[in-house]
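Report on one structure; see the data block that follows.
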Amino acid sequence: MEAKIKQIIEKLNIPSLQFADVRITKTDMEGIYFQNGFLRNYGSDTDSYAIGIRVLKNGCWGFAGSRNIAAANIEKLIQTAISNAVHGSKFTKEPVNFKPLSPTIAEYAFQPKINPFDMAQEEKLGFVAALADAIKPQGKIVHSMVSAQFMRQEKYYINTEGSYSHTLVYNTLPMMMVVASDGAQVQSRTWPGHMSAGRGGFELFYDQKFKENTERIIKEATDLLTAPMIEDDKADIIIGNGHLALQLHESVGHATEADRIFGMEISYAGKTFVKPQMLGNFQYGSDLVTIYSDSSDPRGMGYHPLDDEGVPGKRTDIIKDGILKDQQTSRHIAHMLGLEPSSNMKASFGDDIPLVRMTNLCLAPQKGSLDQLIADTEHGYLLDFTKTWSIDDNRNNFQFTTEIGYKIQDGKIVGIVKEPTYFGITQDFWNSCDRICGPEEWEYHGTFHCGKGEPGQAMLLSHGIAPARFRKINTKVSY
Amino acid sequence: MKDILRSLVETLSALSELKWVVVHNHWQTDFLRFYRSQTNYNITKENDSIGVSLYKGKKNYAFNIDNPNQEKIDTAIAKALAIIDSLPEDPDFVDIETDLRRANSKASPNNIKALSLETKTQILDTLAKAVAPYKFSIYGTFICNYSQRQLLNSNGLDKSSDTSPIYLEVKAVHDESQVTVLETFGGEDFNRFDLEDFSSRLVQKVLYATSEIVDVEPGAYEVVLAPRCIAEYVQYLCYGMSAQALDQHSSFFEGKIGEQVFPENITIVDDPSDPDIISSSYSYDGHLYQRLPLVEKGVFKNFFTDCYYSHKTGLPENGNSGNCIVLNNGDKSLEEMIGSIKKGLYISSLHYMNFINPKETSLTGLTRDGTFLIEDGKITKVVNNLRFTERIERILSHITMLEKRAYTIPFSGNYEFFGIEAIKAPHVVVQDFNITSSTFTI
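Residue numbers (my numbering), protein chains in the order written: chain A, 3 to 481; chain B, 5 to 446.
Now the structure itself:
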C-alpha cells in the first residue's frame with residue numbers, strides 16, 4: 003500500500019496544483035449488541051478500504067473519495083478532485099492559502115492488551131453475555147442492553163510536501179444500560195456513561211470494571227424512581243468524569259474549532275461565540291482552568307504522529323490559566339488567524355475530507371481526590387453520567403441533565419436526586435470553577451460519535467478529565 | 005455487480021437451513037459547501053456495498069462488505085458459517101420480512117448528472133448577489149445524491165428502489181451582527197426549484213432580520229412556530245410511536261391506542277402518497293410503505309411496527325417509520341395568526357433538541373436562524389436565540405391556530421449516508437410556550 007500511495011502522490015505533484023494529499027484507510031469493525039439478556043445483533047465489516055484525494059487548485063479545495071482503490075478508479079478520482087476544485091474556484095473570492103511545512107515521516111502501531119479481532123470467540127461473547135444476563139429485566143428493570151464496538155484502522159497518509167505516515171490503531175466502545183420503570187415514569191443508568199470509548203481492545207471491559215458495576219446501576223436506576231428532584235434554584239455542583247467530559251466537549255471543544263469562527267460549519271454543526279479578537283485576552287474560565295489539545299498523547303484516541311493534512315501531532319494550550327490563548331485549526335484557518343496550525347485536521351475514513359476536529363482535548367488536573375472535594379463541600383450535588391445534552395448554535399447557552407445526582411450535605415453524600423438539570427452560559431460556568439481534582443482522578447473518556455461536516459462524519463476522540471466543582475450554578479428548570 | 009449478487013444468492017439458497025437477507029447499496033454524492041458567499045469545498049463520493057444477515061433458527065450473524073468481490077464474499081460467508089452455530093439465540097426473533105407486494109415502479113433520474121457544478125455555482129452567485137446589498141452573505145450546502153438499493157431475502161422478496169434527492173440549504177448571515185435566516189429546497193425534481201421565488205423568500209427574511217436585536221425574559225409566550233419547527237417536534241414525537249419504544253417502556257403512547265391524546269384539531273399521518281412528500285416505496289426491511297394514520301382528530305391510532313417488533317409485541321406489522329409525516333393544516337392565514345398576537349414570538353427554526361424524558365415527551369432545545377418579536381400583531385424586532393424546555397405533548401395540546409396552507413420541509417439526514425426526509429406542516433400558534441433562558445447570542 004505504501005508503494006501505491008506514493009505512486010498516486012507522484013501523479014499529483016504537478017505545478018498546476020498548489021497542494022495535494024491522499025489518505026488510504028483499511029478499517030475492520032465488529033459490533034455486539036445484547037438486549038434484555040439476549041444477543042440481538044452481532045456483525046462485522048472487515049477489510050474495508052477507503053481512499054480520498056484532496057487537491058488545492060486556483061485557491062479552492064476539490065475532493066473525491068471512494069471505497070474502491072483499484073487503479074482505474076484512482077485515475078477517475080484524481081480527475082474528479084481536480085475538476086471539483088476548478089469548478090468551485092469560479093465561486094471564490096478569498097483563495098485558500100497557507101504556509102508550507104517541512105516533510106515529516108512517521109510510523110506508529112498500537113497493540114491492545116486483548117485484541118478483540120483475534121481473541122477466542124467464546125471468551126468475547128461469553129463475557130458480554132454474562133454482563134447482559136446480570137442486568138436483564140427483573141423487578142423494576144424493564145429494559146437493558148450491553149454493547150461493544152471494536153474498530154481497527156490502518157491509515158496511510160501522504161502529501162505533495164513529502165510528508166508520509168503509516169499508523170495502526172485499535173479503539174473500543176463498551177457500554178451497558180438498564181432502564182427502570184414504575185409504570186408511570188422511566189429512569190436509566192449507564193456504565194460507565196456515554197463517553198466510554200477509548201484506545202485499546204477488549205481490556206477496556208476489565209479496566210472500566212463493568213462486572214463490578216452491574217448491581218450498582220440496577221440499584222441506582224430502581225432507586226431513582228422514588229428519588230426527589232433538586233429544589234435549589236442555584237447550587238454548587240461537582241461534576242464527575244462520566245459527564246464532565248461532555249461538558250468540556252460541547253462548551254469548549256466545539257466552541258474553539260476555528261472553522262466555526264468563519265462560518266464553515268453554519269449549515270450543520272453551527273457557529274461559535276468565540277471571535278478572533280478574543281485570543282490572548284478573553285477570560286474563558288477561572289485561573290484554575292487550563293485546557294489543551296494534545297494529539298501527541300498516545301493514550302487517547304486523538305493521538306496521531308501527523309494529522310490529516312501533514313501537521314505533526316502536538317500539544318496546544320487552548321485556555322491557559324483561564325485565558326483563551328489558541329484555537330483548534332487547520333493550516334488554512336491558522337493562516338487566516340495568524341496562528342501556527344494546531345494539528346487538528348482529521349477525517350474519519352480515507353474517503354472523507356479532513357475537517358477541524360477535536361483530538362485529545364483535556365482539562366489539566368490540579369490537586370486532590372474526589373473524596374476530598376466532596377468532604378470540602380458544605381451543600382451541593384455530585385452530578386454524573388450524561389442523560390440529556392443541548393447547547394446553542396454559538397456554544398454559549400448549555401443545558402445538561404445527568405442520570406443521577408448525589409446530594410452532598412456537610413461534606414457527605416446523603417442521598418440521590420433524579421434528573422438533575424443545570425444550565426448556564428459557557429464563560430460564566432467555567433469562571434465559576436473553584437476546584438479541579440488532581441492527577442489521581444484524571445483519566446481519558448472518549449466517544450466514537452462526534453458528528454460534524456457534510457457529508458456527515460462521526461469522529462473518534464478523547465477527553466482527559468478530572469472531577470471539578472462549579473459554584474452557584476442554575477439548577478432549577480420548570481417545565 | 006449483478007453477477008456477484010446472483011452468485012451470492014445461489015450460494016445462500018443452497019444453504020437450506022438458513023434464512024438470509026441481502027442488501028446491495030450503490031451510493032454517490034456531490035456536496036458543494038459554501039461560506040462567506042464563496043466555495044468552501046466540493047466533494048464527490050461513491051460506494052458500493054453488500055450487507056448480508058444470516059439466520060439459523062434464532063441465531064443471527066450479519067456482515068457488510070464495501071466494494072465487494074467474489075473473494076471477499078466467500079471469505080465472509082465462510083467466517084459467518086463458522087461462527088453462527090456458537091452464538092446464543094434471540095428468542096424474540098421469529099421470521100424475516102414476508103411482504104412480497106411491490107410498489108408501482110418509479111425511476112429516479114440521477115440528479116448528480118442532471119445538475120452540474122457550474123449550474124450550482126451560478127445559482128449560488130445569484131443568491132449571494134441578492135443578499136449582498138443588505139450586508140448579508142450566504143453560507144450552506146448544495147447537495148445531489150443518487151442511491152440504488154436492492155433487497156432480497158430467502159422468503160422470495162426481491163425489491164429495488166432508487167432515489168436522487170437534491171438539497172439546497174442557504175443561510176443568509178449578516179456580515180457584522182451575525183443575524184441568520186434560513187431558506188431551503190429539497191426534492192427529487194429540480195424543475196420545481198424556482199430561483200426567483202427562492203431568492204425573493206430569502207430576501208424577505210433578510211429584511212425582517214435587519215431590524216433591532218433585543219432579548220426577552222424567560223417565561224410563557226404565545227408563539228408562531230414556523231412549519232420547520234412544528235415538523236421537528238412531530239418528528240421527535242414519532243419516537244414514541246414506534247413499537248420498539250413501546251417494547252422498551254419509553255413510549256408516551258403506551259396503552260393509549262384509541263385514546264384522545266391531543267385536541268381535535270390535530271391529525272398526523274404517515275403518508276407516502278402525498279404528492280408533496282419525498283416518498284419511500286419500501287421500509288428498511290422491504291415491507292410496502294403505505295399510508296398510516298397516527299393521530300386522527302387527537303386520537304392516537306397506530307404504532308410504527310416492523311417485522312421483528314410485530315412478532316415481539318403482537319401489534320400488526322405496517323413497515324412504517326415516519327418518513328412521510330403530514331400534519332393537517334387549518335383555516336387561518338399567516339397574517340391572521342401573527343396579527344392575533346399582542347406580544348409574542350415568531351420562531352423560524354430549532355437547534356440541538358434532546359429528550360429529558362421521552363416517556364413524558366419532555367425535552368430541551370434552542371431557537372436558531374431567526375427568532376423575532378411580535379408586537380401588536382406585527383414582527384418588529386430580532387430576538388437573540390432562546391432556550392426552551394417543554395413537553396411536546398403540551399405544545400401540541402396548546403395549538404390554537406393552524407395555517408390554511410402547509411409547506412414541505414426538507415430535513416437532511418446527515419450521518420453516514422446522506423438522505424433527505426420531508427415533513428409537510430403549516431405554521432401554528434402555540435400558547436404558553438415555555439422559554440427558559442436566553443443565549444445572549446444570535
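All C-beta atoms, glycine included, are put in the ideal place defined by N, C-alpha and C.
For clarity, every value in this text was computed on a predicted model and none was experimentally measured.
Where residue i falls: helix, strand or coil (DSSP)
i: Met147/A; result: strand
i: Ser165/B; result: strand
i: Leu19/B; result: coil
i: Leu12/B; result: helix
i: Thr361/A; result: coil
i: Cys452/A; result: strand
i: Ile84/A; result: helix
i: Asn398/A; result: coil
i: Leu290/A; result: coil
i: Lys209/B; result: helix
i: Ala470/A; result: strand
i: Ile7/A; result: helix
i: Asp129/B; result: helix
Residue i, buried or exposed, once every other Cβ within 10 Å from all chains shown has been counted against 16
i: Ser366/B; result: buried
i: Arg196/B; result: exposed
i: Arg40/B; result: buried
i: Leu199/B; result: exposed
i: Gln401/A; result: buried
i: Arg372/B; result: buried
i: Asn398/A; result: buried
i: Asp386/A; result: buried
i: Asn173/A; result: buried
i: Asn115/B; result: buried
i: Leu175/A; result: buried
Distance between beta carbons of residue j and residue i, contact taken as under 8 Å
i: Asp328/A; j: Ile320/A; result: 5 Å
i: Phe392/B; j: Thr443/B; result: Not confirmed; about 11 Å, so no contact.
i: Asp354/A; j: Ile53/A; result: Not quite, the Cβ-Cβ distance comes to about 11 Å (not below 8 Å), so this is no contact.
i: Ile467/A; j: Leu246/A; result: 5 Å
i: Tyr240/B; j: Met357/B; result: 6 Å
i: Lys175/B; j: Leu186/B; result: 5 Å
i: Ile170/B; j: Gly191/B; result: 6 Å
i: Phe40/A; j: Asp94/B; result: 5 Å
i: Phe3/B; j: Phe304/B; result: An answer regarding residue 3/B cannot be provided, because it is not within the stretch 5 to 446 covered by chain B.
i: Leu390/B; j: Val220/B; result: 7 Å
i: Ile329/B; j: Asp274/B; result: 6 Å
i: Ile80/A; j: Lys13/A; result: 6 Å
i: Val433/B; j: Ile403/B; result: 7 Å
Contacts around residue i, its chain only, beta-carbon distance under 7 Å, and the 5 residues preceding and following it disregarded
i: Val98/A; result: Leu58, Gly61, Cys62, Trp63, His334
i: Ile220/A; result: Ile137, Ile143, Val180
i: Gly382/A; result: Ala237, Asp238, Ile239, Ile240, Ile410
i: Thr258/A; result: Val276, Ile320, Gln329, Gln330
i: Leu119/B; result: Cys148, Ile170, Phe194
i: Asp378/A; result: Gly413
Residues near residue i in its chain [Cβ-Cβ closer than 8 Å; skip 5 each side]
i: Gly265/A; result: Lys273
i: Gly440/A; result: Pro367, Gln368, Lys369, Gly370, Ser371, Ala468
i: Arg409/B; result: Asn333, Pro430
i: Ser190/A; result: Met179, Val180, Val181, Ala182, Ala223, Lys389, Glu405
i: Ile261/B; result: Phe304, Lys305, Asn306, Phe307
i: Ile217/B; result: Ser181, Val183, Lys385, Val386, Val387, Asn388, Ile446
Cβ neighbours of residue i in the same chain (closer than 6 Å, five flanking residues each side left out)
i: Val24/A; result: Ile7, Ile10, Ile11, Ile55, Ile160
i: Tyr35/A; result: Arg42, Asn43, Ser149
i: Tyr215/B; result: This sequence places Ser at residue 215/B; Tyr is not what is there. Counting only Cβ-Cβ distances below 6 Å, and skipping sequence neighbours, we find Lys385, Val386.
i: Ser314/B; result: Glu321
i: Ala2/A; result: Any answer about residue 2/A is impossible in this case: the structure gives chain A only from 3 up to 481.
i: Arg153/B; result: Asn29, Ser165
i: Glu236/B; result: Leu354
Going residue by residue through the stretch 40-105 of chain B, where are the continuous beta strand (DSSP E) segments of at least 3 residues, counting only ones entirely within it? Within the stretch 40-105 of chain B, the complete beta strand (DSSP E) runs of at least 3 residues are 42-60, 63-70.
Output the residue ranges of the alpha helix (DSSP H) runs that lie fully inside the stretch 92-149 of chain A and measure 4 residues or longer, sorted by chain position. List check, alpha helix (DSSP H) in window: 123-136.
Entirely within the stretch 333-365 of chain B and at least 4 residues each: give me those alpha helix (DSSP H) ranges in chain order. Every alpha helix (DSSP H) of 4 residues or more that sits fully in the stretch 333-365 of chain B is shown, in chain order, as 338-343.
What are the start and end residues of each continuous beta strand (DSSP E) run of 3 or more residues lying completely inside the stretch 269-319 of chain B, in chain order? If you keep only unbroken beta strand (DSSP E) runs of at least 3 residues inside the stretch 269-319 of chain B, you get 272-274, 296-300.
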